[in-house]
Structures are given as structure tokens and as C-alpha cells.
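Student: My questions will all concern the structure given below.
In our numbering, the protein residues as written are 14 to 955.
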């Protein structure tokens, strides 16, 4: 291979700079930054684990990571890339040593693919191990890895291509270009201290490869910041002599230290503290059990599965366990993953408060979900919420809790030492999306806490199973929390983690409720399940009321009549009730019906409330705050419990809010959802409080009450209402209805009966044990339909997912040969269809406002200017999620204004131009043949 002096005319960065930045300088900057990332962001355990996976001492492993990071952009030394700055390229095109075939400089040839081509040849010349199949060779795998630094790993090159690159990659240029790529690589190798023996002896395991590639990407991003480059930009006429390169390398090494620190990257520490010092209260039975026994079991990475009723302190249990497991595994941080944005927002504050008191070192905390930038908690300085503070830092200036600007950039949030967010932020790591390796890097040495592990359908569950395989391979600790988890689901999650660690035999884990089980990632051993006596053992009074969806008939009440009958004693005698509906439309109809039947209740402040997802965001937030005031935990400032109040809601109350009712009335739903809803009944201790102080009326007694409106009970023998669509599987409703009738009269012991019920509702022989032959046959048909839908989602997941880590050598499997998919896929399930819209109000005078009253002009409505962040936030806060079918016929009237289209957060919205002919009419618009209206009950369609 030709070699010689490095040509400083070859540029690597140009945009926003006074003059082009030599590619050799950028390569050295990135190599130095990778070294600082190694030193600052990897714990000693992580460095040891990576070196072991690469089969070499740690110092050699560090040198190689720096070298490889410094080679990521050698693919820019090709005619098509250099020709992008014509003035610079003119000096090369006149140089005979830079020959190439005519016209190739104008051909598209991505420089990341060129990196893969070039480094395969360079590594081969350096003696990296090779085999007859490039995709199985070390020299090709590392080149392929570095060719993936723009977020997608490209297909493996074939031997015939490598033997004759001139025929397949003419854009690489002639011998002069090849020689400069070699010279640049040799310079980086020399300055990073690597020698001929510094080569991996075997292909990198996939879990090590994603960490290395992730470090390379982060190093490249940090080193590519304009401010960093401007500080090191050589003067005109600079030559890449050995002395000049050595001087630049020294400057890059020293400059990498503040570059990484100022980005907020680093390692969080979890000092050893007893539970009682971490929290301002004594541990309950579950918390004490974990605190006492887990430290002896945690011998490195592992998985903790905690099952307990809602309200039993699982969050504090998880945070304490995460501290124990982080110390045992040498972890660098924590990510608390939740099913919804609302729960993530709430958890963000709790993690911030915990970190202020119990985490040392680097403590930057990010909030991760698609609307995180709208969160007031994330936008404001953070402090110890329990003390009402708002300070962003403690005594150590490096110990900030608030994440800085760099960590808030796209795809970077999981790199922060601490994070809270929605589960899709983690699951994206096992989908072939761009930069999935950054997700895996961010999780590879953190403790992942997954709340509501039971709450995911087959699609999301399949993603979680695959993610656990990867985390098991990476040696990342995991805490799974669940209120209702079947044995089969528990086993699938535990065994996935064990498989990742190389333990292939089935565990047969049996969860206990309440209680926990621990799995060692090092040995694969599963601890004996530790059952714990419930801290709030109680018996729920369950009443199944047969109803018809329509008028009363044949001695069976109509559903509306049944709701009124159940609520009348409460309205007359006092108390707070939750009425949980299956669909938004039914919640709206129920609210209207109750307003007519109980007008005084509807007129009272917080007397009759409606909460669902189909409100504009700002209005939904107002209603949520009203619900928290009315039904929240007693003793919290500003909260006042009405003497009589009814909340009509949908499933949004199951997970997002800490609400407490005297009575819960629910449409029939799968057993797991009903158990979640009953957790909102008599949730908090109100003993000793009078009715005016938030106490319970005497007539409700001290036993939680759940009334289920059942259209499938024996007296009705119906099916789920057609209006429910596919919200729930018919088979699960049938099974739940049957179980509720079995438990009629004796109630359900919580937590005593819960695990048995959850396992029973999913039992394979459930149908065989039904007495009636017709019922048995019908349920078997319903089961077949349900399993068909489950298999469809699981099959889609298996076709889409990144492959398991064990045995992966061809890294193109991370990106499906470079054919990446849309990240939005992770947040949806098969058949899901939704869109977001903003209602704007066309006033009689022609003005258009964001509010019905006409006081708030629509930002940028008749302007071309770029909207400010405050303007964007104001619009998005008025957006509302709608079924995609409602907007399928949208036309020009629903297009966003030109100024909105300039903002990514707004350009995909639909605009609903609401009008009303008279003041007595509702605000409405038409989208195709569909009429859409907005009123006090939210958005509706007809």
C-alpha cells in the first residue's frame, strides 16, 4: 500500500467554519474524545467487561477504541466527498497523484460506506485476522462497525468485491487516494500508541460491538461541534508534519476533558445506605425484605422481579434495589421506564428527589418521551421536591441534576447518567432504526427499571423480551415491577435475560404475590421466590351486575340505568366514585347522561368530572389537576376532597394518577385492568378524618367496592358491545366474566387471591373446565381468535426485531443491511392508527384563535416567520390525539400554515377549523363526510 506524508489539503469539516478543517485533525479529535469517554463514562467494571469480551488487556482495548474512533472518517478521502468544496478540490484535481476515472467525483457515494471499503483493506494489511467469508472476518467486522458511525450498519462486502474494488467502487479513486487513506490511518495509529500487535484476535461479540460503535458515534458528535473545532482550527498554510500532528494530538487530548464533562456525560455513584436513610419513612414489609436479602444475592449483574399491588411502594423498592444492584454490577446510572408520558413525568420528579439525596458523582437527569420538551418539570430547575426547592445543583458544581443542552439533543438522552421516560425509548434499541446502538450503549451499563411490566401487548412484550436478551449479554442489571403478572409472562422475561447471559435452559420461575425473585446474571441461578405479607391486605367486595347495552329488557337493566342505580346512594349520602368506561365516546355519553339525571351534582364545583385522552392537551392537564385536588392523597397542600363527587373516565386512570375513591364502577374489562382499577378504591388511609376534611362517609364502610357492569353475565349471555371494537380480546372478557361470577359473594382477597386469579384467567385448560358445551365451544373459538391476533403481532415483531446478540458477527443485522425502519413503529401496535390535530376557532369577525373565547391568536397563522419555541409549545399544548380514520379524508383545509411546517413538532399536525353559526351551536368542522365537534366533553365525531 502506498504511504507518505499526510496531505492537509484533504478536508473533513467545513460548514460554519472560517476555512475547511483538515480531515486528519478531525480524526485525531475524535480519537482523543473516545479516550476521554473511555476514562470518564465507563466504570471500571464496564472497562473490564469490554476488554474481556475483546480478549485483551484493558490498556490495549482502550488504545484500540481510540484508534478505531480516529479512523471513522477515512472514507472522506474519496473524490465525491472532497469535490463538495470545489475551491479545495481544485488544488487536488490538478495534482497527478490524485487520479481517478472521469466523472466519479460527481457520483453519490456516502463516505460511511467508503469507510467500510477502505478500512477492510487497511485492516487486512495490518494483519487483522481474516477468513474466506468477509462477514465472518475480524478485519471486515471492525471496518463494518466503523462504517456504521452514521447510525446504520451496511451490508457485508463480498469477497469478489474486495478482490476488485475498482470494478465495484470506482468512487474510491486511484492509488493516490488509497495511499492518503493509508497515511492518515498510519498517523492515527502512531499517535494513539497502537502497534502491529494491537488487533483483536477474534470477531467482537455483538454486545461489545455496540458499545464500541456507540462510543465512536458519541466521540464523533462531540468532536464535530463547531465551537470545539473553531478552537483548534489550524491557520492558513498549515502542514501535517509529524511535529504539527503531535502538537494537535496533545491539544485534542487536553481539550477532550472539558468537552466530555460539559456535555454532562459521566458516571453516577450509588453509595451504600440503608433504606431508612434513603427515604423519610421506615420500609414496609416488601421494602424491608428486599433491603435485607438482596445484597447477599447480588453477585454482579442480575434481574429482580417484584410483584405487588398498586400502592405497596414498588417505586421506592425499585430505587433502593437499583442502588444495591448498581454497586454489585459496577453500573454507571439508572433509567426508570414507564408505560405512559404521564407516569414518566411524575417519575422524573421522584427520581430527581432520590438522586439529590442518594446519588453521587455525575447526576445529569433527562426526561425521555416524545413530548418531554413540553414538561414543566423538565423545563424548570430541579431540586428536592419534598422541601419545595428549585436548586439545580448541590455543593459539587459537577453534580448537576438538570441535564444540559447537549444531552437534550435528539437520540442523546439515554447517555445521561440518570433518566426517566417511556419504555419505547429503551425498546427502540432492539429495532433496526438509525442510531439504535446509542440506545444500547446508554443502557449497557445502567440499571433499567421497567414499571408496569404486565401492561404491554404482544408486540411490545416481544420487544421487551429481546431487549432483556441484549441487557443480559451486556451485564446490565434490570428491575421489573408489576402489579399483575402471569407465570408464563414472568418466565418469558426472566428466561430472556438468562439467555443473554448464556444460560439457555428454562428457569420455570413462579412469581409470588406479593413478593420477589432474583436472577443472577453471572450464574443464571434463580433465587427461591420470596413471598411477603401484604402491607395493605384487604378483601374487595366485588359485585357483577348483568347489563344490556341499551334499554332495560327481560329483567336485565340497561347499562345507563345500572350506573344511575349504583351511584344514587352515593349522591344522596356523600362519597367519591369512579365510573370507568371502555371508550371515549361512552365516557362522554355517560357524563352527559349523569349531568341530566343529577343536575345539582353537575352544577357543583368538582361534583361531576370527565377525564379521557380526547381533550386538547392543556385542557386535559387542567382536568387532571382538578382530579388530583379532589381525589389525591390526603394531607397534601391545596387538596380538598368534595363531599360528593363522581369522576367518569377511561383507562387513563389505571396507571397515570394517584387517585382515591370510595366506590369504583367499571365496565367489564380483562381481569388485570379491573385489578388496576380497584387499586384506586380506598387507596389511602382516611381514618380519623371527618367528611369535610376528606374522610369517607360512614355508609361505605371499610371494604373497597368494585361494581362490574357485565354484558356477558349468565343472565345476558351476550358479547362485548360492538362499540368497543377491538379494545379488548373477547376471550379475555369471557374468561374474566366467568371468574367474577365464581367470586360473587365472597370477594377477592388482595393480595391473597391475585396471583391465582391472574394465572387462572390465562390458564390453557380454562375452556375445558366449563360445564356448558356451548360455552366451552364458544370460548375455544374466541381463544383461537385471540391467539391468532397475538401470533400476528409476535410474528411482526420477530420479522422486525434486531437479532439476539449471541452468535451475531455480521453487524449488518443491527440495521437489516442498512434498511432501517421508522422509529414511530415502536410506539404502535399492529393495526394501531392515530393522528394528532389542533382545533382553531374561526371567530365571527374572521380572526382565528387557539381558544373558543377568541382571546389567544393562533401563532404564525398568517405569517411566514419561524415560530419561537414558546409559540410551538402553545400550539402543541392544544393538540389532541384522534383516531386516524377521522382524518383520512383531510384536505387543504386541514393543512398546517406555512410557518408551522417549518417546525418538526408541528408539520405533521392536522388543523381543525372550528366554526359555529350561532352562539347556541357547538363548534364543529367537516373532514370529508365526517363532522367533528369540540365542546366541554372534548372532541367528538359523527
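Ideal Cβ positions, reconstructed from N, Cα and C, are used throughout, including at glycine. Since the structure is predicted, the reported quantities are computational estimates derived from the model, not experimental observations.
Could you tell me which uninterrupted beta strand (DSSP E) segments, each at least 3 residues in length, are contained entirely in the region 659-704, listed from first to last along the chain?
Tutor: 676-680
Student: Under a three-way DSSP split, which group does residue 1030 fall into?
Tutor: Because the chain here runs from 14 to 955, residue 1030 falls outside it and cannot be looked at.
Student: With a threshold of 16 other CB atoms inside 10 Å of the CB of residue 396, please say whether the residue is buried or exposed.
Tutor: Mapped onto the chain shown, residue 396 falls at position 383. Reliability of the predicted coordinates at residue 396 is poor, the pLDDT of 42 falling under 50, and the value obtained from them is presented with this limitation in mind. Residue 396 should be labelled buried.
Student: So, helix, strand or coil for residue 173, using DSSP?
Tutor: Stepping through the chain shown from its first residue, residue 173 is reached at position 160. In the three-state DSSP reduction, residue 173 falls in the helix class (H, G or I).
Student: Mark residue 146 as exposed unless 16 or more other C-beta atoms lie within 10 angstroms of its C-beta, in which case mark it buried.
Tutor: Here residue 146 refers to the residue found at position 133 of the chain shown. It is exposed - the Cβ of residue 146 has fewer than 16 other Cβ atoms within 10 Å.
Student: On the three-state DSSP scale, how would you describe residue 348?
Tutor: As a position in the chain shown, residue 348 is number 335, starting the count at 1. Strand at residue 348.
Student: Determine the direct distance from the alpha carbon of residue 299 to that of residue 454, and round the result to whole angstroms.
Tutor: Within the chain shown, numbered from 1, the residue matching residue 454 stands at position 441. Within the chain shown, numbered from 1, the residue matching residue 299 stands at position 286. Approximately 32 angstroms, taken between the alpha carbons.
Student: So, for residue 468: in the same chain, excluding its five sequence neighbours on each side, which residues have a beta-carbon less than 6 angstroms away from its beta-carbon?
Tutor: Within the chain shown, residue 468 is the residue found at index 455, counting from 1. Cβ neighbours of residue 468 beyond the five flanking positions: 352.
Student: Does residue 251 get closer than 8 angstroms to chain C when you measure Cβ to Cβ?
Tutor: The chain labelled as chain C is not found in the depicted structure, where only one protein chain is given.
Student: Secondary structure at residue 226, three-state DSSP: helix, strand or coil?
Tutor: Stepping through the chain shown from its first residue, residue 226 is reached at position 213. Residue 226: helix per DSSP, three-state reduction.
Student: DSSP puts residue 25 in a beta bridge; with which residues?
Tutor: Within the chain shown, numbered from 1, the residue matching residue 25 stands at position 12. Residue 25 pairs with nothing; no bridge assigned.
Student: Give the DSSP-derived three-state secondary structure of residue 266 in the structure shown.
Tutor: Locating residue 266 in the chain shown gives position 253, counting from the first residue. Here residue 266 sits in helix by DSSP.
Student: On the DSSP letters alone, give me the boundaries of the alpha helix (DSSP H) that residue 471 sits inside.
Tutor: Indexing the chain shown from 1 puts residue 471 at position 458. Looking at the DSSP string, the run of the alpha helix (DSSP H) that includes residue 471 is 471-487.
Student: Check for me: the beta strand (DSSP E) holding residue 554 runs from which residue to which?
Tutor: Position 541 of the chain shown holds residue 554. Run containing residue 554: 551-561, per the beta strand (DSSP E) assignment.
Student: Buried or exposed for residue 294, please, with buried defined as at least 16 other CB atoms from any protein chain shown within 10 angstroms of its CB.
Tutor: Against the chain shown, residue 294 aligns to sequence position 281. With fewer than 16 other Cβ atoms within 10 Å, it is exposed.
Student: Please determine, among 428, 624, 463, 657, the residue with the shortest C-alpha to C-alpha distance to residue 616.
Tutor: Residue mapping note: residue 616 aligns to position 603 of the chain shown, counting from 1. Nearest C-alpha to residue 616: 657.
Student: Near residue 22, what residues of its chain come up, given a Cβ to Cβ distance below 7 angstroms and the 5 sequence neighbours on each side ignored?
Tutor: Counting from 1 along the chain shown, the entry for residue 22 is found at position 9. Within the same chain, residue 22 has close Cβ partners 101, 104, 105.
Student: What separation, rounded to the nearest whole angstrom, lies between the Cα atoms of residue 399 and residue 365?
Tutor: Within the chain shown, numbered from 1, the residue matching residue 399 stands at position 386. Within the chain shown, numbered from 1, the residue matching residue 365 stands at position 352. Note on residue 399: pLDDT 35, under 50, position unreliable in the model; the coordinate value appears next. Going by the C-alpha atoms only, they are around 11 angstroms apart.
Student: With H, G and I counted as helix, E and B as strand and the rest as coil, what does DSSP make of residue 389?
Tutor: Counted from its first residue, the chain shown places residue 389 at position 376. In the three-state reduction of the DSSP assignment, residue 389 falls in the helix class, which pools H, G and I.
Student: Straight-line CA distance for residue 546 to residue 439?
Tutor: Counting from one through the chain shown, the residue named residue 546 turns up at place 533. Counting from one through the chain shown, the residue named residue 439 turns up at place 426. Taking the straight line from one Cα to the other gives about 33 angstroms.
Student: With distances taken between CB atoms, is the gap from residue 624 to residue 157 smaller than 8 angstroms?
Tutor: Counting from 1 along the chain shown, the entry for residue 624 is found at position 611. Counting from 1 along the chain shown, the entry for residue 157 is found at position 144. No. Outside cutoff.
Student: Does the Cβ of residue 93 have 16 or more other Cβ atoms within 10 Å, making it buried, or fewer, making it exposed?
Tutor: By one-based count along the chain shown, residue 93 stands at place 80. Per the 10 Å Cβ criterion, buried.
Student: Tell me whether residue 902 sits in a helix, a strand or coil according to DSSP, three-state version.
Tutor: Working through the chain shown from its first residue, we reach residue 902 at position 889. Correct three-state label for residue 902: coil.
Student: Confirm, please, whether the CB-CB distance from residue 722 to residue 678 is below 8 angstroms.
Tutor: Within the chain shown, numbered from 1, the residue matching residue 678 stands at position 665. Within the chain shown, numbered from 1, the residue matching residue 722 stands at position 709. In this structure, residue 722 lies closer than 8 angstroms to residue 678 by Cβ.
Student: Looking only at its own chain, which residues have a Cβ that is under 7 angstroms from the Cβ of residue 829, when we skip the five neighbours before and after it?
Tutor: Here the question's residue 829 lines up with position 816 in the chain shown. Result list for residue 829: 445, in chain order.
Student: Can you name, in chain order, every residue of its own chain whose Cβ lies under 8 angstroms from the Cβ of residue 690, other than the five neighbours on each side?
Tutor: In the chain shown, counting from the first residue as 1, residue 690 sits at position 677. 591, 593, 666, 667, 677, 679, 682, 719.
Student: Considering only DSSP beta bridges, list what residue 624 is partnered with.
Tutor: Your numbering for residue 624 matches position 611 in the chain shown. 662.
Student: Give the DSSP bridge partners of residue 543, in chain order.
Tutor: Residue mapping note: residue 543 aligns to position 530 of the chain shown, counting from 1. 529.
Student: With 16 as the cutoff for other CB atoms within 10 Å, does residue 435 come out buried or exposed?
Tutor: To locate residue 435, count along the chain shown from 1; it is residue 422. With 16 or more Cβ atoms within 10 Å of its Cβ, residue 435 is classed as buried.
Student: According to the Cβ coordinates, are residue 310 and residue 273 closer than 8 angstroms?
Tutor: By 1-based counting over the chain shown, the position of residue 310 is 297. By 1-based counting over the chain shown, the position of residue 273 is 260. No, they are not a contact pair.
Student: Taking the C-alpha atoms as reference points, what is the distance between residue 152 and residue 88?
Tutor: Residue 152 sits at position 139 when you count from the first residue of the chain shown. Residue 88 sits at position 75 when you count from the first residue of the chain shown. Near 16 angstroms, if we compare the C-alpha coordinates of residue 88 and residue 152.
Student: Under the rule that 16 or more other beta-carbon atoms within 10 Å means buried, what is residue 254, buried or exposed?
Tutor: Numbered from 1 along the chain shown, position 241 holds the residue referred to as residue 254. With fewer than 16 Cβ atoms within 10 Å of its Cβ, residue 254 is classed as exposed.
Student: Which first and last residues belong to the beta strand (DSSP E) in which residue 766 is found?
Tutor: In the chain shown, the residue the question calls residue 766 occupies position 753. No beta strand (DSSP E) contains residue 766, which DSSP labels as neither H nor E.
Student: With which residues is residue 850 paired in a DSSP beta bridge?
Tutor: If you number the chain shown from 1, residue 850 lands on position 837. Note: residue 850 sits in a beta bridge opposite 893, 923.
Student: Rank 82, 323, 38 by C-alpha distance to the C-alpha of residue 241 and give the top, closest one.
Tutor: Translated into the one-based positions of the chain shown, residue 241 becomes position 228. Nearest of 82, 323, 38 to residue 241, Cα basis: 38.
Student: Tell me where the beta strand (DSSP E) around residue 719 begins and ends.
Tutor: Here the question's residue 719 lines up with position 706 in the chain shown. Its beta strand (DSSP E) spans residues 718-723.
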